[in-house]
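Take a look at the structure below.
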Amino acid sequence: MQTGPRQTDIRSGRLSKAEIEANFSDMHPPLERSEALVEADRCYFCFDAPCTTACPTGIDIPGFIQKIRSNNIKGSALTILRENIMGGMCSRVCPTEVLCEEVCVRNTLEEQPVRIGLLQRYATDSIIQNNTQLFQRREASGKSVAVVGGGPAALSCAHRLAMLGHKVSVLNAAEKPAGLNEYGIAAYKTIDNFAQLEVDYILGIGGIELHNGKTLGTDYSLADLRDEYDAVFLGFGMGGINELRMENDRVDGVVDAVEYIAQLRQSDNMTELPVGRRIVVIGGGMTAIDIAVQSKRLGAEEVTIAYRRGHEQMGASQMEQDYARTSGVVIRHWLAPDRLQMNGQRVSGVRFEYTALDDNGKLQGSGEYCELDADIVFKAIGQNVLWDAMGDAAETLEITGGRIDVDDHRKTSLADVWAGGDCISGSEDLTVSAVQDGKLAAIDIDRFLAGTGE
Ligand SMILES: Cc1cc2nc3c(=O)[nH]c(=O)nc-3n(C[C@H](O)[C@H](O)[C@H](O)COP(=O)(O)OP(=O)(O)OC[C@H]3O[C@@H](n4cnc5c(N)ncnc54)[C@H](O)[C@@H]3O)c2cc1C
Ligand code: SF4
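Residues 5 to 458, numbered by our numbering, are exactly what the sequence shown covers, in order.
Listed below in structure tokens is the structure:
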């Protein structure tokens, strides 16, 4: 019988190196050639293909699948990468089940959709791995553009600008480029350092200078960039995380999920990462699923995701929720965190209030409670832009709900400044939409620069 407070159980080495390697192997292994041909043959090559319409970057999906069938892999990759230069990463991380594959006409009760994501990976892998450059730069325009950030939005913008002949300086706060592709995406979705291989491919076009460790608001201001460059693109993502807004939620054992995932992604030896025996994750999006599954795979015994609404309102897709469950994660709905339970200075659990929708559809507490023990509580309830650290950008730009207002071309309220990715209002918060934002902004910047004369 337990007397006194339960002892915290957080330690490294819960699993052997071999077990960790197996747990973090490729989530969807690549197709062999014969498998790719069988899969490509399932495509009906629809006219006005719904899969293409559903792709945020508008890739001609039947077009690239047709080229796989005729063994024209370079042509297939070109069809993908000219719309989405991160087509390699997107083939690994896109929630295809709610994008192209959801609307595939083969997706019926009896049949599975064409596995578009895996075919896209098949077409792009060798091109990226061998650094086969498919794009050339236009003649130099004499114009220069500053691109702030180093993630999908910034790199996509930089690549398109370089293609269009402009000189690009990428100014990135982190030590490495690729943003959340390098520091955030679940480790089993992108193995073998793929994020950096893709960056090498993108920079391979030439005309892009990458400066890591250069932070807007600390090392330079938006005004500095507007003085020095002909145009500016902002793609700095969201560096801050939303707080739980409970009393004393900054105690030991309450951990930012995104920060922990970054540590995990940068770790050379995951057996050394400290892991709790009982984990509670608060949130309902992709980050909540990713931290829960990865905790389980690091050896946590009990992992529970607690979400304050029902499964249909979760940001994570049904497939991701199923994936978490089959990985041994328990998902509990209609629970709002109410109070942390403490063992001295450390968290030892969370008291939740059961929630329900009232007659007006508003979420209400029910006055009933339950408790979950936890050695670690992960906060995964969304991110925000750290405007306090952005210097003059916070005052100069128009901002709604903490994110930058842009028009359809991703132009901000300033005549020479564009923005894209997670930091803009209305963002889908997906890699693929960040890539599309960067591309659209670059095309508009090019139009703007063409009109500004020498
Ligand atoms: C844990 C997690 C898992 C995810 N999993 C998926 C997934 O499986 N599939 C999917 O489609 N999407 C996923 N997403 C979302 C996706 O990663 C983002 O939507 C995408 O990375 C946004 O790209 P971005 O370029 O806007 O920002 P980021 O990728 O966040 O890149 C921002 C870059 O800006 C730099 N920066 C920040 N502040 C400054 C500054 N002041 N000055 C200069 N540079 C700065 C950063 O160093 C970074 O390089 C996930 C997100 C998270 C948090
Ligand atoms: S909807 Fe499906 S079958 Fe039709 S073109 Fe797209 S992948 Fe092929």
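Think of the CB as a built atom: it goes at the ideal place given N, C-alpha and C, for glycine as much as any other residue.
ask   = Between residue 428 and the rest of its own chain, which residues show a CB-CB distance below 6 Å, the 5 nearest in sequence each way excluded?
value = 407, 408, 410
request  = Rounded to whole angstroms, what's the CA-CA distance from residue 279 to residue 18? Just pull it up for me.
outcome  = 8 Å
query = Does the Cβ of residue 291 lie closer than 7 Å to at least one heavy atom of ligand 1?
reply = yes
query = Going by the C-beta, is residue 48 closer than 7 Å to any heavy atom of ligand 2?
reply = yes
request  = Can you grab the Cα-Cα spacing for the pair residue 391 / residue 231, in whole Å?
outcome  = 21 Å
query = Mapping DSSP to helix, strand and coil, what is residue 323?
reply = In this structure, residue 323 counts as helix in the three-state DSSP scheme.
message = Nearer than 7 Å: is that true of the beta carbon of residue 433 relative to any heavy atom of ligand 1?
response = yes
inquiry  = Measuring straight from C-alpha to C-alpha, what distance separates residue 260 and residue 245?
reply    = 7 Å
query = Smallest Cα separation from residue 122: which of 113, 68, 114, 254?
reply = 68
ask   = How would you write the range of the beta strand (DSSP E) that residue 213 sits in, first residue to last?
value = 212-216
ask   = In this structure, does DSSP put residue 422 in helix, strand or coil?
value = strand
task = Kindly list the residues whose CB is nearer than 6 Å to the CB of residue 59, restricted to its own chain and excluding five residues on each side of it in sequence; keep chain order.
result = Hits under 6 Å: 104.
Residues of its chain near residue 216, where Cβ-Cβ distance is below 6 Å and the 5 sequence neighbours each way are ignored = 176, 179
Distance between beta carbons of residue 319 and residue 346, contact taken as under 8 Å = No, residue 346 and residue 319 are not in contact; Cβ-Cβ is about 29 Å, not under 8 Å.
inquiry  = Between residue 51 and ligand 1, is there a pair consisting of the residue's CB and a ligand heavy atom that are separated by less than 7 Å?
reply    = no
inquiry  = For residue 346, list the residues DSSP reports as bridge partners.
reply    = Residue pairing by DSSP puts residue 346 in a beta bridge opposite 351.
ask   = Measuring from the CB of residue 278, is there a heavy atom of ligand 2 at a distance below 7 Å?
value = In this structure, the C-beta of residue 278 stays at least 7 Å away from each heavy atom of ligand 2.
DSSP-derived helix/strand/coil call for residue 257 = Three-state DSSP puts residue 257 in coil, outside helix and strand.
ask   = Under the rule that 16 or more other beta-carbon atoms within 10 Å means buried, what is residue 415, buried or exposed?
value = buried
task = Tell whether a beta-carbon distance below 8 Å holds between residue 340 and residue 357.
result = yes
task = Could you tell me whether the region 35-46 touches the region 83-98, using the rule of 3 or more Cβ pairs below 8 Å?
result = Flag = no, the region 35-46 and the region 83-98 do not touch.
Exposure of residue 401, with buried meaning 16 or more beta-carbon neighbours within 10 Å = buried
query = When burial is assigned at 16 or more other CB atoms within 10 Å of the CB, is residue 454 buried or exposed?
reply = exposed
inquiry  = I'd like to know if the region 13-33 and the region 302-316 are in contact, where contact means that at least 3 CB-CB pairs between them fall below 8 Å.
reply    = yes
ask   = What's the gap between the Cα of residue 153 and the Cα of residue 214?
value = Between the alpha carbons of residue 153 and residue 214 lies a gap of roughly 10 Å.
key: Proximal residues to residue 447 (C-beta, below 6 Å), its chain only, five neighbours per side dropped   = none
message = Considering only their Cβ atoms, is the gap separating residue 236 from residue 212 smaller than 8 Å?
response = no
request  = Out of 108, 147, 111, 208, point me to the one whose CA is closest to residue 135's CA.
outcome  = 208
Contact belief for residue 166 with residue 141 at Cβ below 8 Å, rounded distance in angstroms = For residue 166 against residue 141, the beta-carbon gap comes to about 6 Å, under 8 Å, which counts as contact.
task = Round the Cβ separation of residue 188 and residue 266 to the nearest angstrom and send it over; I've been treating them as touching at under 8 Å.
result = 7 Å
key: Through-space distance from residue 101 to residue 433, alpha-carbon basis   = Between the alpha carbons of residue 433 and residue 101 lies a distance of about 16 Å.
task = Taking only the alpha-carbon atoms, compute the straight-line gap between residue 15 and residue 81 and give it to the nearest angstrom.
result = Looking at the backbone, the Cα of residue 15 and that of residue 81 are separated by about 44 Å.
query = CB of residue 427 to nearest heavy atom of ligand 2: below 7 Å?
reply = no
key: Spatial neighbours of residue 445 in its chain, beta-carbon cut-off 6 Å, leaving aside the 5 residues before and after   = 161, 237, 414, 422, 424
query = Should residue 158 be labelled buried (16 or more other beta-carbon atoms within 10 Å of its own) or exposed?
reply = buried
task = Output the boundary residues of the alpha helix (DSSP H) element that contains residue 133.
result = 120-133
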